[in-house]
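Just so you know, the sequences run in chain order A and B. Read in order, the letters of the first sequence correspond to residues 9 to 360 in the working numbering. Read in order, the letters of the second sequence correspond to residues 9 to 360 in the working numbering. All C-beta atoms in this analysis are idealised placements derived from N, C-alpha and C, irrespective of residue type, glycine included. Quick caveat: nothing in here was measured; it's all calculated off a predicted structure. Below: the structure, in structure tokens.
There are 2 protein chains.
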Amino acid sequence: MKLSDFTTRSGEWLRGMGPHSEVVISSRIRLARNVSGERFCSKLDRARRADLEKRIRLAILAAELAPSMLYADLTQSVELERQLLVERHLISKPHAASEDPRGVAVSGDEQISIMVLEEDHLRIQVLRSGLQLDEAWEQISAVDDKLDDSLEFAFSKRLGYLTACPTNVGTGIRVSVMLHLPALKLTGDIEKVFRAAKDLKLAVRGLYGEGTEATGDFYQVSNQVTLGKVEEDIISDFRHTIIPRIVEFEQMARRTLLNERTHFLDDKVHRAVGLLRSARILTSEEVLFLLSHVRLGANLGRVRDVDVGLINELFLNTQQSHLQKVLGKRLDTEPRRIARAEYVRKKLGSAD
Amino acid sequence: MKLSDFTTRSGEWLRGMGPHSEVVISSRIRLARNVSGERFCSKLDRARRADLEKRIRLAILAAELAPSMLYADLTQSVELERQLLVERHLISKPHAASEDPRGVAVSGDEQISIMVLEEDHLRIQVLRSGLQLDEAWEQISAVDDKLDDSLEFAFSKRLGYLTACPTNVGTGIRVSVMLHLPALKLTGDIEKVFRAAKDLKLAVRGLYGEGTEATGDFYQVSNQVTLGKVEEDIISDFRHTIIPRIVEFEQMARRTLLNERTHFLDDKVHRAVGLLRSARILTSEEVLFLLSHVRLGANLGRVRDVDVGLINELFLNTQQSHLQKVLGKRLDTEPRRIARAEYVRKKLGSAD
Chain A
9 MKLSDFTTRS GEWLRGMGPH SEVVISSRIR LARNVSGERF CSKLDRARRA
59 DLEKRIRLAI LAAELAPSML YADLTQSVEL ERQLLVERHL ISKPHAASED
109 PRGVAVSGDE QISIMVLEED HLRIQVLRSG LQLDEAWEQI SAVDDKLDDS
159 LEFAFSKRLG YLTACPTNVG TGIRVSVMLH LPALKLTGDI EKVFRAAKDL
209 KLAVRGLYGE GTEATGDFYQ VSNQVTLGKV EEDIISDFRH TIIPRIVEFE
259 QMARRTLLNE RTHFLDDKVH RAVGLLRSAR ILTSEEVLFL LSHVRLGANL
309 GRVRDVDVGL INELFLNTQQ SHLQKVLGKR LDTEPRRIAR AEYVRKKLGS
359 AD
Chain B
9 MKLSDFTTRS GEWLRGMGPH SEVVISSRIR LARNVSGERF CSKLDRARRA
59 DLEKRIRLAI LAAELAPSML YADLTQSVEL ERQLLVERHL ISKPHAASED
109 PRGVAVSGDE QISIMVLEED HLRIQVLRSG LQLDEAWEQI SAVDDKLDDS
159 LEFAFSKRLG YLTACPTNVG TGIRVSVMLH LPALKLTGDI EKVFRAAKDL
209 KLAVRGLYGE GTEATGDFYQ VSNQVTLGKV EEDIISDFRH TIIPRIVEFE
259 QMARRTLLNE RTHFLDDKVH RAVGLLRSAR ILTSEEVLFL LSHVRLGANL
309 GRVRDVDVGL INELFLNTQQ SHLQKVLGKR LDTEPRRIAR AEYVRKKLGS
359 AD
């Protein structure tokens with residue numbers, strides 16, 4: 009498997025399957041880990057960094073974490089490939105942009121990914137479609153244990169796992185759930201979710217994590233506290249209380265739209281389809297916004313001729329790097345927007 | 009001919025024919041006239057007003073101004089009918105809203121209309137498709153002469169025609185040309201037209217005259233000075249200098265869009281078609297805005313499956329009163345917006 013193979017398949021985070029997948033796009037758990045006896049990344053010179061990268065790489069490849077595992081030395085990759093990984097939620101933007109020795113390991117099904125020498129020595133991630141936090145926790149614990157055996161992670165009895173940034177000290181865990189909340193946005197009740205999340209010390213972010221705006225009604229809800237809590241409690245709160253409540257709130261808003269504001273709902277949904285089928289210039293942000301309404305319409309049975317699989321495909325492949333990969337050519341901003349509109353029209357079977 | 013017959017035909021102002029009709033929607037000349045020896049409207053009590061209305065009505069009907077001439081006593085009309093006349097540019101909004109004795113005369117082809125007892129005793133209008141100011145002037149002069157024979161208009165050798173509002177004293181003429189300037193709007197050069205118009209002491213208004221915003225890129229350019237000028241000079245300025253220059257400026261902007269910004273142009277045009285074919289809720293303002301882009305696209309050959317006749321029909325029949333007349337039922341705001349969208353989809357042959 010090579011980096012360039014990624015585009016032909018839909019990423020795990022957008023498979024659109026799994027429990028509560030109408031609202032819950034994906035569940036993600038991330039663990040921050042550092043190798044005992046080694047300095048934190050920011051304190052490593054280039055040579056020691058390269059040595060450590062190699063040591064971790066070998067440990068990962070020896071651990072047999074999945075039937076198929078790709079390891080990529082990111083210093084050897086081109087920008088387009090790194091952006092593809094960002095768009096598939098497999099590496100962070102800073103990890104893509106860095107010029108230091110670093111790598112990433114990705115399992116064939118894209119459920120497991122490990123950033124090597126990002127902020128911490130290892131950022132282990134398990135990503136699953138729909139609401140699958142228990143499954144993700146079980147999976148990531150196994151990965152964590154196997155790697156701990158060979159690498160021995162820095163751990164303090166008093167503080168827990170030691171991490172480069174104090175906010176991650178303790179469990180080093182971040183639990184995130186990506187939610188699609190178009191109905192709450194349309195009814196205006198989304199503000200209540202934000203307020204409730206704030207009270208619960210949760211972070212609500214956009215599609216690509218920290219510092220990004222929520223686009224296309226996608227919201228990433230994650231914990232902020234990592235110290236003084238047990239992993240299982242954090243996950244259980246998400247799994248059994250926080251997420252089900254937001255899901256139910258969104259479903260209520262959808263029922264309200266469907267039963268009491270049908271024309272309003274249909275207007276949003278069909279305008280979105282109409283624009284996707286007719287626009288000649290499309291930014292990725294607008295596509296996201298429009299597909300969000302189409303997805304809502306498809307889930308509520310208001311759009312019959314656009315299936316969910318196609319919507320997911322468009323979500324992924326209209327992103328900047330995916331689009332260029334799919335079309336097999338590099339494109340500047342303007343031509344890319346034109347090519348994106350053309351690609352979307354073709355996929356949606358537009359008349360002209 | 010009855011008031012209620014109007015909806016089945018396209019109004020003169022939107023026939024979309026005549027010279028320069030790609031840019032010039034219609035040419036209008038209006039004369040303000042008052043009957044000598046009678047007080048201005050605002051000084052008339054109800055009884056004398058009724059007498060004067062009758063006197064003018066008989067003079068109009070006796071004058072044989074056109075092969076077929078409808079006279080409507082507006083106190084006997086229902087609001088929907090009066091709004092139809094407003095939407096067809098045959099009477100003003102204040103004339104529709106008034107509760108005093110008053111009337112309107114309209115020729116069968118809608119080229120001639122005479123408001124009786126609006127601000128002045130008579131407001132004579134000739135409206136022609138495209139740029140036809142000379143023709144309109146010839147036509148309105150004949151009407152003016154015939155009515156002057158029987159009614160004898162108030163005229164001062166020093167001031168000219170006397171009118172209720174001092175701004176109309178002198179010639180009592182207003183020359184207006186309705187222009188469709190979507191390309192200048194898209195390129196941003198429309199501001200230059202506004203500045204030039206201001207320098208020339210011209211007024212630029214929206215679709216329905218004074219106090220209305222320019223909607224859907226339609227602009228009504230008219231003279232403001234009526235005193236100390238000869239009618240022929242005012243018309244000649246419009247006919248040979250002002251309007252041809254604006255038309256050429258708009259045509260240049262269209263060529264620029266077509267040749268240098270084709271994708272941008274097509275994007276606007278096809279989005280407009282796409283939205284009209286898919287929206288479930290439409291205000292008349294949005295329809296106007298969208299049809300404006302479709303009209304531009306049709307004129308430039310970028311839309312092949314929507315013809316100009318249909319565009320004009322939609323312009324007229326999606327307006328509030330026309331829509332209700334065409335659908336044969338009264339509708340409140342929300343149901344009207346839904347019915348409008350349905351009507352538009354049906355007319356444009358939308359898939360669903």
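(message) Check for me: the beta strand (DSSP E) holding A:V229 runs from which residue to which?
(response) By 1-based counting over the first sequence, the position of residue 229 of chain A is 221. Start and end: 226-231.
(message) Relative to the C-alpha of A:I181, which candidate in A:N231, A:M77, A:L187, A:E95 has its C-alpha closest?
(response) On the first sequence, position 173 is the one that residue 181 of chain A refers to. Nearest C-alpha to A:I181: A:N231.
(request) Kindly indicate if chain B contains any beta-carbon less than 9 Å away from that of A:H278. (result) Here residue 278 of chain A corresponds to residue number 270 of the first sequence, with the count starting at 1. Yes, its Cβ sits closer than 9 Å to a Cβ of chain B.
(request) Determine the extent of the alpha helix (DSSP H) in which B:L66 is found, giving its start and end residues. (result) Position 58 of the second sequence, counted from the start, is the residue given in the question as residue 66 of chain B. Unbroken alpha helix (DSSP H) run through B:L66: 54-70.
(request) Measure from the C-beta of B:R96 to each C-beta in chain A and report whether the shortest distance is under 9 Å. (result) Within the second sequence, the letter at position 88 stands for residue 96 of chain B. Chain A, which has no Cβ nearer than 9 Å to the Cβ of B:R96, makes this no.
(message) Can you give me the C-alpha to C-alpha distance between B:R344 and B:Q327, rounded to a whole angstrom?
(response) For the purposes of this step, residue 344 of chain B is identified with residue 336 of the second sequence, where counting begins at 1. For the purposes of this step, residue 327 of chain B is identified with residue 319 of the second sequence, where counting begins at 1. Looking at the two C-alpha atoms, the distance is approximately 10 Å.
(message) Residues in the same chain with beta-carbon distance under 7 Å from A:E30, minus the five sequence neighbours each way, listed in chain order, please.
(response) For the purposes of this step, residue 30 of chain A is identified with residue 22 of the first sequence, where counting begins at 1. Result list for A:E30: N307, in chain order.
(request) Determine the contact status of B:L299 and B:R262, defining contact as a CB-CB distance below 9 Å. (result) Within the second sequence, numbered from 1, the residue matching residue 299 of chain B stands at position 291. Within the second sequence, numbered from 1, the residue matching residue 262 of chain B stands at position 254. The answer is no: Cβ separation not under 9 Å.
(message) Can you tell me which residues form a DSSP beta bridge with B:Q133?
(response) Position 125 of the second sequence, counting from 1, holds the residue named residue 133 of chain B. Beta-bridge pairing links B:Q133 to B:R38, B:S121.
(message) Looking only at its chain, what residues have a beta carbon closer than 8 Å to the beta carbon of B:I68, apart from the 5 residues adjacent to it on each side?
(response) As a working note, residue 68 of chain B is residue 60 in the second sequence. Around B:I68: M77, Y79, A113, I122, V124, L155.
(request) Taking A:A287 as the query, report the chain B residues whose CB atoms sit under 8 Å from its CB, ordered along the chain. (result) What you label residue 287 of chain A is simply residue 279 of the first sequence in a count that begins at 1. Those are D275, H278, R279, G282, listed as they occur along chain B.
(request) Measure the beta-carbon distance from A:A40 to A:T171 and round it to whole angstroms, keeping in mind my assumption that it falls under 8 Å. (result) Locating residue 40 of chain A in the first sequence gives position 32, counting from the first residue. Locating residue 171 of chain A in the first sequence gives position 163, counting from the first residue. Indeed, because the Cβ distance is near 4 Å, the residues count as touching under 8 Å.
(request) From the DSSP output, in three-state form, read off A:R213 for me. (result) Numbered from its first residue, the first sequence carries residue 213 of chain A at position 205. Strand.
(request) Name the two residues that bound the continuous alpha helix (DSSP H) containing B:R285. (result) The residue you call residue 285 of chain B lines up with position 277 of the second sequence. Element bounds for B:R285: 270-286.
(request) Tell me whether A:S164 sits in a helix, a strand or coil according to DSSP, three-state version. (result) Taking the first residue of the first sequence as 1, we reach residue 164 of chain A at position 156. It is a strand residue.
(request) Determine, using beta carbons only, whether A:M260 and A:G138 come nearer to each other than 9 Å. (result) If you number the first sequence from 1, residue 260 of chain A lands on position 252. If you number the first sequence from 1, residue 138 of chain A lands on position 130. Their beta carbons are not under 9 Å apart, which means A:M260 does not touch A:G138 by this criterion.
(message) Taking the alpha-carbon of A:I132 as reference, which of A:G282, A:I120, A:D340 has the nearest alpha-carbon?
(response) Residue numbering aside, residue 132 of chain A sits at position 124 when the first sequence is read from its first letter. Selected option, being the one with the closest Cα: A:I120.
(message) Can you tell me whether A:M25 is helix, strand or coil according to DSSP?
(response) Residue mapping note: residue 25 of chain A aligns to position 17 of the first sequence, counting from 1. The answer is coil: DSSP assigns A:M25 none of H, G, I, E or B.
(request) Along the beta strand (DSSP E) that carries A:H188, what are the first and last residues, could you check? (result) Against the first sequence, residue 188 of chain A aligns to sequence position 180. Segment 181-188, the beta strand (DSSP E) holding A:H188.
(message) Just verifying my parser: in three-state terms, what is the DSSP assignment at A:I33?
(response) Reading the first sequence from its first residue, position 25 is the one you call residue 33 of chain A. It is a strand residue.
(request) Look at the Cβ atom of A:S272, then the Cβ atom of A:D197, and state whether they are nearer than 9 Å. (result) The residue labelled residue 272 of chain A in the question sits at position 264 within the first sequence. The residue labelled residue 197 of chain A in the question sits at position 189 within the first sequence. In the sequence under discussion, the amino acid at residue 272 of chain A is Phe, which differs from the Ser named in the question. Against a cut-off of 9 Å, the Cβ pair of A:D197 and A:F272 comes out as no contact.
(message) Quick check: is any heavy atom of the ligand GTP less than 8 Å from the C-beta of B:L159?
(response) This structure lacks the ligand GTP, and indeed carries no ligand of any kind.
(request) Can you give me the Cβ contacts of B:S184 inside the same chain, cut-off strictly under 6 Å, excluding the 5 residues immediately before and after it? (result) Translated into the one-based positions of the second sequence, residue 184 of chain B becomes position 176. Result list for B:S184: R36, Q228, S230, in chain order.
(message) Looking only at its chain, what residues have a beta carbon closer than 6 Å to the beta carbon of A:I64, apart from the 5 residues adjacent to it on each side?
(response) As a working note, residue 64 of chain A is residue 56 in the first sequence. Correct list, in chain order: V124.
(request) Output yes if chain A places a C-beta closer than 9 Å to the C-beta of B:F226; else output no. (result) Here residue 226 of chain B is taken as the residue at index 218 of the second sequence, counted from 1. It does not; no Cβ of chain A falls within 9 Å.
(request) Please name the residue, chosen from B:E350, B:R353, B:L339, B:S329, that lies closest to B:L92 on a Cα-to-Cα basis. (result) If you number the second sequence from 1, residue 92 of chain B lands on position 84. The residue with the shortest Cα to Cα distance from B:L92 is B:S329.
(request) Name, going along the chain, the residues of the region 32-58 of chain A whose beta-carbon falls closer than 9 Å to a beta-carbon of chain B. (result) none
(request) Please say whether B:I33 and B:L266 have beta carbons closer to each other than 9 Å? (result) Working through the second sequence from its first residue, we reach residue 266 of chain B at position 258. Working through the second sequence from its first residue, we reach residue 33 of chain B at position 25. Not in contact: B:L266 and B:I33 (Cβ atoms no closer than 9 Å).
(request) Within the same chain, show all residues whose beta-carbon is closer than 8 Å to that of A:V177, passing over the 5 residues directly before and after it, in chain order. (result) As a position in the first sequence, residue 177 of chain A is number 169, starting the count at 1. Correct list, in chain order: L167, G168, Y169, L170, T171, T234, L235.
(message) Can you find the residues in the same chain that come closer than 6 Å, C-beta to C-beta, to B:Q140, ignoring five residues on each side of it along the sequence?
(response) For the purposes of this step, residue 140 of chain B is taken as the residue at position 132 of the second sequence. The residues are G26, S35.
(message) If distances are taken between C-alpha atoms only, which option among B:T264, B:E89, B:K200, B:D275 comes closest to B:G336?
(response) As a first step, residue 336 of chain B is located in the second sequence; it is residue number 328 there, counting from the start. Answer by Cα proximity: B:E89.
(request) Report yes if the CB atom of A:L324 is closer than 9 Å to the CB atom of A:E95, and no otherwise. (result) Start at 1 with the first residue of the first sequence, and residue 324 of chain A comes out as number 316. Start at 1 with the first residue of the first sequence, and residue 95 of chain A comes out as number 87. Yes, the Cβ-Cβ distance between A:L324 and A:E95 is below 9 Å.
(request) State buried or exposed for B:G357, treating a residue as buried only when at least 16 other CB atoms are found within 10 Å of its CB. (result) Walking along the second sequence from the start, residue 357 of chain B turns up at place 349. With fewer than 16 Cβ atoms within 10 Å of its Cβ, B:G357 is classed as exposed.
(message) Output needed for B:H99: all residues of its chain with C-beta closer than 6 Å, excluding positions within five of it in sequence on either side, in chain order.
(response) Translated into the one-based positions of the second sequence, residue 99 of chain B becomes position 91. According to the sequence shown, residue 99 of chain B is Ile rather than His. Closer than 6 Å at the Cβ level, and outside the excluded window around B:I99, lie L93, V112, M123.
(request) Would you be able to state if there are at least three C-beta pairs under 8 Å between the region 270-288 of chain A and the region 279-291 of chain B? (result) yes
(message) Please classify A:S115 as buried or exposed, where buried requires at least 16 other C-beta atoms within 10 Å of its C-beta.
(response) For the purposes of this step, residue 115 of chain A is taken as the residue at position 107 of the first sequence. Burial call: buried.
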